[in-house]
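Enquirer:
In our numbering, the protein residues as written are 2 to 241.
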């Protein structure tokens with residue numbers, strides 16, 4: 002397992018949030034903040050006489066119902082937008098299966114999928130990328146019958162860009178450029194772009210989402226990925 006000196010970063014280069022557990026706390030803060038803003042907004046609207054009259058009218062009531070329904074539809078379908086135009090897995094053999102970490106809850110479905118892909122002879126090795134997750138994941142892959150010689154990984158990356166950078170540093174030094182990338186559906190587009198930017202030819206293969214995730218958790222994760230995907234594309238348009 003690769004453990005580079007680059008793992009020791011200056012404090013200023015350490016990401017503020019780099020794992021799902023930490024983002025859970027941020028999610029709760031954001032939910033409370035949004036609820037407070039919504040409450041204050043509704044209170045302000047109800048204090049305005051013209052809005053009171055409008056909301057009490059049939060047109061106002063129908064508009065409010067329509068807006069609420071549209072918002073729920075957007076939230077329920079937003080995750081599909083992140084996978085709508087993903088390239089299909091062609092089923093061809095590659096040089097490595099690259100498995101990205103994101104904590105235990107997301108990790109187990111990915112481990113199961115990576116093991117099945119290896120057993121289907123899609124690639125000779127499984128490579129796991131992610132600080133904290135890699136030392137736990139490699140023994141779990143061995144427990145599924147994957148030989149130790151077919152398992153590798155790096156324990157340095159704290160972000161998706163670093164997943165791509167550190168994976169490239171190790172795998173491309175071994176002549177590996179064609180990979181099967183395994184991560185969850187919301188995370189896939191951004192991961193595919195980051196790994197492609199590092200010189201990999203990427204075939205995406207999404208892993209199942211945890212079955213116990215709430216609607217709120219899924220919505221938070223989805224809109225977080227939209228935010229980072231927009232930021233990545235701005236960075237690609239204006240490099241440097």
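All C-beta atoms in this analysis are idealised placements derived from N, C-alpha and C, irrespective of residue type, glycine included.
This one's a predicted model, so the numbers in the text were calculated from it and none came from an experiment.
1. In angstroms, rounded to a whole number, what distance separates the CA positions of residue 166 and residue 191?
2. Runs of 3 residues minimum, wholly inside the segment 88-139: which ones carry the beta strand (DSSP E) assignment?
3. Can you tell me which of 229, 114 and 188 puts its alpha carbon nearest to the alpha carbon of residue 85?
4. Please give the ranges of any alpha helix (DSSP H) in the segment 171-219, keeping only runs that are unbroken, at least 4 residues long and fully inside the region.
5. Between which two residues does the beta strand (DSSP E) carrying residue 147 extend?
6. Given residue 177, which residues of its chain have a CB within under 6 Å of its CB, disregarding the five upstream and five downstream residues?
7. Using a threshold of 8 Å, state whether the C-beta atoms of residue 181 and residue 141 are closer than that.
8. Using beta-carbon positions only, say whether residue 152 and residue 139 come within less than 8 Å of one another.
9. Could you name the residues of the same chain whose beta carbon sits closer than 6 Å to that of residue 225, not counting the 5 residues immediately before and after it, in chain order?
10. Less than 8 Å between the beta carbons of residue 159 and residue 186, yes or no?
11. Between 184, 218 and 162, which has its C-alpha nearest residue 232's C-alpha?
12. Please return the same chain residues whose Cβ sits closer than 6 Å to the Cβ of residue 222, not counting the five positions on each side in sequence.
13. Roughly how many whole angstroms lie between the Cα atoms of residue 238 and residue 63?
Expert: Here's the rundown:
1. 14 Å
2. 97-101 and 127-130
3. 188
4. 186-198
5. Taken as a continuous stretch (DSSP letters only), residue 147 belongs to no beta strand (DSSP E), as it is neither H nor E.
6. 96 and 97
7. no
8. Yes, the pair counts as a contact, with Cβ atoms nearer than the cut-off.
9. none
10. no
11. Minimum Cα distance to residue 232 is reached at 162.
12. 187
13. 42 Å
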